[in-house]
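Position 30 (the sequence shown) corresponds to 34 in the working numbering; numbering is contiguous.
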Amino acid sequence: MADESLATKSTEEVMLAASDPVAHEIEQTAANTGLEAMTKIRKLAIVRKYFMYMGLYHSSLVRSMV
């Protein structure tokens, strides 16, 4: 079991093997990583929506000028 990598162990096994402060730190790091990824995805969606609306607005202005 000593040669078994962390990737092959379940989350519960890793948490049980670690001391409480270390387990909490691992859990907190995983949660923060997930939140950072979710925040980046939301920002990209907002920027994409903004540029899409600005493109539609611009094209409607151009059409109204013709």
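Don't be surprised by glycine CBs; every beta carbon is placed ideally from N, CA and C.
| query | result |
| --- | --- |
| Neighbourhood of Met5 by C-beta distance below 7 Å, restricted to the same chain and skipping five residues each side | At Met5 the pLDDT is 46, less than 50, meaning the model places this residue with poor confidence and gives no usable figure here. |
| Alpha-carbon to alpha-carbon, Thr43 and Val69 | Going by the sequence as given, residue 69 is Met instead of Val. If you take the alpha carbons of Met69 and Thr43, they lie about 39 Å apart. |
| Alpha-carbon spacing of Glu29 relative to Arg67, whole angstroms | 57 Å |
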